[in-house]
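**Q** Residue numbers for the sequence shown follow this note's numbering, beginning at 70 and rising by one.
Even for Gly, the Cβ is constructed at its ideal location relative to N, Cα and C.
Since this is a predicted model, take the numbers as computed values, not measurements.
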Amino acid sequence: MTQKRRTPEALALRELDGSRWDDWYRTLEVAFGGQAGSPERRELWRALTEVDRSLAVWDGTDLVGAAGAFSFAMAVPGGAVLPTAGVTMVGVLPTHRRRGVLTALMRHQLDEIHERGESLAALTASEPAIYGRYGYGLASWRLAVRIARARVTVAAPAPQAAPAVRLRLADPAASLAACEELYAARVPLRPGMLARRPGWERAALLDPPEEREGHSALQCVLAEDRAGGGLLGYARYAVRVEWQHAGAAGAVRVREVTAADPRAHAALWAFLLDLDLTDTVRAENLPVDDPLLHLVSDPRRLRPHLHDALFVRLVEVGDALSSRRYAAPLDVVLEVTDAFCPWNAGRWHLRSAGRELGALCEPTEAPADLALDVRELGSAYLGGRWRRWPGPGWCGSCARGRWPRPRRPSAGASRPGCRTASEPRPAGRRAGGPAGGRTGRVRPAAGGGPGSAGARRWPRRR
Ligand SMILES: CC(=O)SCCNC(=O)CCNC(=O)[C@H](O)C(C)(C)COP(=O)(O)OP(=O)(O)OC[C@H]1O[C@@H](n2cnc3c(N)ncnc32)[C@H](O)[C@@H]1OP(=O)(O)O
């Protein structure tokens with residue numbers, strides 16, 4: 070059903086009418102600088118757009134703002150793969166910026182995500198400063214490397230293991246199904262990885278000639294088990310050959326390296342770093358713990374750059390915290406502030422018996438151990454560092470440097486209900502009833518994952 074909301078200055082926000090997709094996409098292109106993308110890219114985004122999750126802001130007959138969401142599933146610590154709104158295609162025309170259009174889009178979108186029952190939203194940001202105000206926290210990082218390959222060798226696999234891996238060049242399209250199967254099996258193993266919905270495999274092969282910047286068409290090399298023939302890994306890459314006075318000085322652009330096995334991973338990188346007529350190898354999207362860092366003879370020559378990657382937003386705090394696992398037993402009351410999604414605000418009792426067992430997060434009236442903003446929860450959610458958000462809503466007295474226990478007495482808690490160091494820890498904390506009508510819903514997870522009733526056992530109180 071088409072909903073209509075008023076945005077500032079009598080602009081109107083509506084769900085996208087699919088017949089206006091071209092206008093919507095053009096608005097995005099203009100917001101991103103005005104360059105038209107390739108026809109292939111355009112057709113792919115047209116096919117992938119979920120029209121009922123796409124929003125448009127109108128000024129009369131002009132489409133001036135856009136935002137979309139994809140129905141993704143994202144791996145979280147412990148291996149569950151949870152429904153996640155993948156926020157995307159956000160743009161406002163330069164004539165209409167800084168009037169609250171983005172804020173209206175985010176308001177509508179987060180209400181819709183909440184109504185759908187997705188407890189997580191995630192995005193990659195064009196600029197990191199934008200999305201904190203809407204409750205997104207920086208949850209993961211990526212590495213970009215630019216490798217001077219002549220200065221680097223890859224530690225060869227152990228002699229007895231090396232012959233076990235066979236490398237074979239393959240047509241990227243013909244090998245797609247096998248590669249996708251391998252990718253899908255890797256998803257639960259790395260928090261933050263996104264399961265590819267049907268149709269998204271096309272994105273992995275998108276390769277418009279006008280975006281190649283002098284490189285070849287996409288190429289694919291498979292690492293196979295020499296004995297059984299099974300696929301152990303694959304790499305997709307393109308090569309640009311350039312001739313200079315001193316000879317060939319080409320470059321390899323690595324799109325993706327995925328491997329189920331360390332021997333295959335090493336063999337694929339050894340291959341990519343040893344291609345004739347090239348002297349640099351670039352990759353933009355490596356995990357920060359990629360084994361490549363430890364395989365090369367001289368890690369400095371990778372010239373690694375750290376970039377922000379996923380921003381995560383807990384849309385339903387109780388559900389989201391119940392649905393992942395925790396490395397150690399946990400029994401803590403969190404006082405959560407959430408100015409943009411007030412249904413999350415309040416105290417939450419989070420308990421887990423450790424890595425192998427589930428977790429439960431429920432509303433409580435018990436005194437808080439830690440006060441923090443939903444943005445900080447988002448930044449810690451995938452298992453990364455808890456990043457402080459020194460913005461409005463920050464409880465300086467209660468939270469500053471006081472995790473997991475206050476270190477020194479303070480005059481008093483600045484937020485009602487937050488425990489100070491001078492107060493004793495409550496002896497028998499119990500989860501209180503739902504506060505303000507909130508409920509700590511627990512999403513069952515497949516395979517006895519976090520939140521699955523059969524797997525849950527509670528830690529004994531000390
Ligand atoms: C997930 C993705 O798709 S990321 C892609 C985002 N899109 C782009 O970067 C394309 C180019 N930029 C744009 O289209 C727009 O400038 C947008 C979407 C970033 C912002 O849209 P606007 O309608 O101008 O934002 P709006 O007026 O609602 O601003 C809300 C707040 O965010 C702040 N803000 C907006 N853009 C930025 C920015 N780039 N950097 C820092 N702060 C920003 C505003 O100052 C305002 O702050 P306030 O609440 O303290 O007053």
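1. Give the single residue among Ala307, Gly298, Leu85 whose Cα lies nearest to the Cα of Glu282.
2. May I ask you to verify whether the segment 231-244 touches the segment 190-207, counting CB pairs closer than 8 Å and requiring at least 3?
3. Skipping 5 residues on each side, what residues in its chain have a beta carbon closer than 8 Å to that of Ala254?
4. Rounding to the nearest angstrom, what Cα-Cα distance links Ala490 and Asp400 in this structure?
5. Any heavy atom of ligand 1 closer than 7 Å to the CB of Leu80?
6. Gly261 and Ala144: beta carbons closer than 8 Å?
7. To test your reading of the DSSP string, which unbroken beta strand (DSSP E) runs of 3 or more residues are found completely within the segment 292-370?
8. CA-CA distance, Leu390 and Asp180?
9. Let's test the definition: count the other Cβ atoms within 10 Å of the Cβ of Ala500 and tell me whether it reaches 16, buried, or not, exposed.
10. For Thr96, verify whether its CB is less than 7 Å away from any heavy atom of ligand 1.
11. Please state whether DSSP places Thr433 in a helix, a strand or coil.
12. Considering only heavy atoms of ligand 1, does any lie closer than 7 Å to the CB of Ser195?
13. Report all residues from its chain with a CB closer than 8 Å to the CB of Gln288; omit the five preceding and five following residues, and keep chain order.
14. Measuring only the C-alpha atoms, how far is His363 from Pro356?
15. Run through the DSSP bridge pairs and tell me what Thr406 is partnered with.
16. The alpha helix (DSSP H) that contains Asp128, what's its start and end?
17. Name the residue from Arg83, Ala149, Arg393, His284 whose alpha carbon lies nearest to the alpha carbon of Ser421.
18. Drop a sphere of 10 angstroms on the beta-carbon of Arg424, count the other beta-carbons inside from all chains shown, and report buried for 16 or more, exposed for fewer.
19. Going by Cα to Cα distance, which pick from Arg83, Met158, Arg271 is closest to Gly129?
20. For Val120, which residues of its own chain have a beta-carbon under 6 Å away from its beta-carbon, when the five flanking residues on both sides are left out?
21. Taking Cβ to Cβ, would you say Ala154 is nearer than 8 Å to Ala142?
22. Do you know how far the Cα of Gly415 is from the Cα of Thr508?
23. Where does His334 land, buried or exposed, given buried means 16+ other C-beta within 10 angstroms?
24. Would the C-beta of Met262 count as close to ligand 1, meaning under 7 Å from any of its heavy atoms?
25. Does any heavy atom of ligand 1 sit closer than 7 Å to the C-beta of Phe101?
26. Comparing C-alpha positions only, which one of Leu383, Glu434, Ala397 sits nearest to Trp412?
27. If contacts are defined as beta-carbon pairs under 8 Å, then Ala378 and Trp210 qualify, I think. What distance do you get, rounded to the angstrom?
28. Given Pro373, which residues of its chain have a CB within under 6 Å of its CB, disregarding the five upstream and five downstream residues?
29. Can you tell me whether DSSP reads Thr222 as helix, strand or coil?
30. Please state whether the Cβ-Cβ distance between Leu346 and Val310 is less than 8 Å.
31. At a cut-off of 7 Å, is Ile216 close to ligand 1 when judged by its beta-carbon and the heavy atoms of the ligand?
32. Give the DSSP bridge partners of Gln288, in chain order.
33. Quick one: is His314 buried, meaning 16 or more other Cβ sit within 10 Å of its Cβ, or exposed?
34. Sorted by chain position, which residues of the same chain lie with C-beta nearer than 7 Å to Pro108's C-beta, five sequence neighbours on each side aside?
35. May I ask you to list the residues that DSSP assigns as paired with Pro152?
36. Compute the beta-carbon to beta-carbon distance between His177 and Gly134, rounded to the nearest angstrom, for a pair I have assumed lies under 8 Å.
**A** This is what the structure gives:
1. Locating residue 282 in the sequence shown gives position 213, counting from the first residue. Taking only the C-alpha atoms, the option nearest Glu282 is Ala307.
2. no
3. To locate residue 254, count along the sequence shown from 1; it is residue 185. Ala329.
4. Counting from 1 along the sequence shown, the entry for residue 490 is found at position 421. Counting from 1 along the sequence shown, the entry for residue 400 is found at position 331. Since pLDDT at Ala490 reaches only 33, below the 50 mark, its modelled position is unreliable, and the value read off the structure follows with that caveat. Approximately 17 Å, taken between the alpha carbons.
5. The sequence position of residue 80 within the sequence shown is 11, counting from 1. No, the beta carbon of Leu80 sits no closer than 7 Å to any heavy atom of ligand 1.
6. As a first step, residue 261 is located in the sequence shown; it is residue number 192 there, counting from the start. As a first step, residue 144 is located in the sequence shown; it is residue number 75 there, counting from the start. Cβ distance < 8 Å, so Gly261 and Ala144 count as in contact.
7. 300-309, 319-328, 347-356
8. The residue labelled residue 390 in the question sits at position 321 within the sequence shown. The residue labelled residue 180 in the question sits at position 111 within the sequence shown. In a straight line, the C-alpha of Leu390 is about 19 Å away from that of Asp180.
9. One-based indexing of the sequence shown puts residue 500 at position 431. Note that Ala500 has pLDDT 35, beneath the 50 cutoff, so the model's placement of it is unreliable and no number is given.
10. Counting from one through the sequence shown, the residue named residue 96 turns up at place 27. Outside the cutoff, so no.
11. The sequence position of residue 433 within the sequence shown is 364, counting from 1. In the structure shown, Thr433 sits in coil (DSSP, three-state: anything other than H, G, I, E or B).
12. As a first step, residue 195 must be located in the sequence shown, where it is residue number 126. Flag set: Cβ of Ser195 near ligand 1.
13. Taking the sequence shown and counting its residues from 1, the one referred to as residue 288 is at position 219. Same-chain partners within the cutoff: Leu238, Pro241, Arg305, Tyr306, Ala307, Val308.
14. Counting from 1 along the sequence shown, the entry for residue 363 is found at position 294. Counting from 1 along the sequence shown, the entry for residue 356 is found at position 287. For His363 and Pro356, the distance between alpha carbons rounds to 13 Å.
15. Residue numbering aside, residue 406 sits at position 337 when the sequence shown is read from its first letter. DSSP, once it has assigned bridges, lists Asp442 as partnering Thr406.
16. In the sequence shown, the residue the question calls residue 128 occupies position 59. Element bounds for Asp128: not the alpha helix (DSSP H) but the beta strand (DSSP E), 124-128.
17. Your numbering for residue 421 matches position 352 in the sequence shown. Out of Arg83, Ala149, Arg393, His284, Arg393 has the C-alpha closest to the C-alpha of Ser421.
18. Working through the sequence shown from its first residue, we reach residue 424 at position 355. Classification of Arg424: exposed, given that the 10 Å Cβ count is below 16.
19. Taking the sequence shown and counting its residues from 1, one reaches residue 129 at position 60. Measuring from the Cα of Gly129, the nearest candidate turns out to be Arg83.
20. In the sequence shown, residue 120 corresponds to position 51, counting from 1. Once the five neighbours on either side are set aside, the close Cβ partners of Val120 are Leu85, Gly87.
21. In the sequence shown, counting from the first residue as 1, residue 154 sits at position 85. In the sequence shown, counting from the first residue as 1, residue 142 sits at position 73. Not in contact: Ala154 and Ala142 (Cβ atoms no closer than 8 Å).
22. By 1-based counting over the sequence shown, the position of residue 508 is 439. By 1-based counting over the sequence shown, the position of residue 415 is 346. Unreliable placement is indicated for Thr508, whose pLDDT of 31 sits below 50; the coordinate value is still reported in the next sentence. Rounded to the nearest angstrom, the two C-alpha atoms are 12 Å apart.
23. The count along the sequence shown starts at 1 and reaches residue 334 at position 265. Under this definition His334 is a buried residue.
24. Within the sequence shown, numbered from 1, the residue matching residue 262 stands at position 193. Checking the Cβ of Met262 against ligand 1 gives no.
25. For the purposes of this step, residue 101 is taken as residue 32 along the sequence shown, with counting starting at 1. Yes - ligand 1 has a heavy atom lying nearer than 7 Å to the Cβ of Phe101.
26. On the sequence shown, position 343 is the one that residue 412 refers to. Among Leu383, Glu434, Ala397, the Cα nearest to that of Trp412 belongs to Leu383.
27. In the sequence shown, residue 378 corresponds to position 309, counting from 1. In the sequence shown, residue 210 corresponds to position 141, counting from 1. The Cβ separation is near 5 Å, so the contact holds.
28. Stepping through the sequence shown from its first residue, residue 373 is reached at position 304. Closer than 6 Å at Cβ, skipping near neighbours: Leu212, Val214.
29. Numbered from its first residue, the sequence shown carries residue 222 at position 153. Coil at Thr222, not helix or strand.
30. Here residue 346 refers to the residue found at position 277 when the sequence shown is read from its first residue. Here residue 310 refers to the residue found at position 241 when the sequence shown is read from its first residue. It is a contact, given that the beta carbons lie within the stated cut-off.
31. Counting from one through the sequence shown, the residue named residue 216 turns up at place 147. No, the beta carbon of Ile216 sits no closer than 7 Å to any heavy atom of ligand 1.
32. Along the sequence shown, one-based indexing puts residue 288 at 219. Paired residue(s): Tyr306.
33. Numbered from 1 along the sequence shown, position 245 holds the residue referred to as residue 314. It is exposed - the Cβ of His314 has fewer than 16 other Cβ atoms within 10 Å.
34. Translated into positions along the sequence shown, residue 108 becomes position 39. Excluding positions up to five away in sequence, the list is empty.
35. To locate residue 152, count along the sequence shown from 1; it is residue 83. According to DSSP, which records beta bridges pairwise, Pro152 is partnered with Ala142.
36. In the sequence shown, residue 177 corresponds to position 108, counting from 1. In the sequence shown, residue 134 corresponds to position 65, counting from 1. Actually they do not touch by this definition, with Cβ atoms about 11 Å apart.
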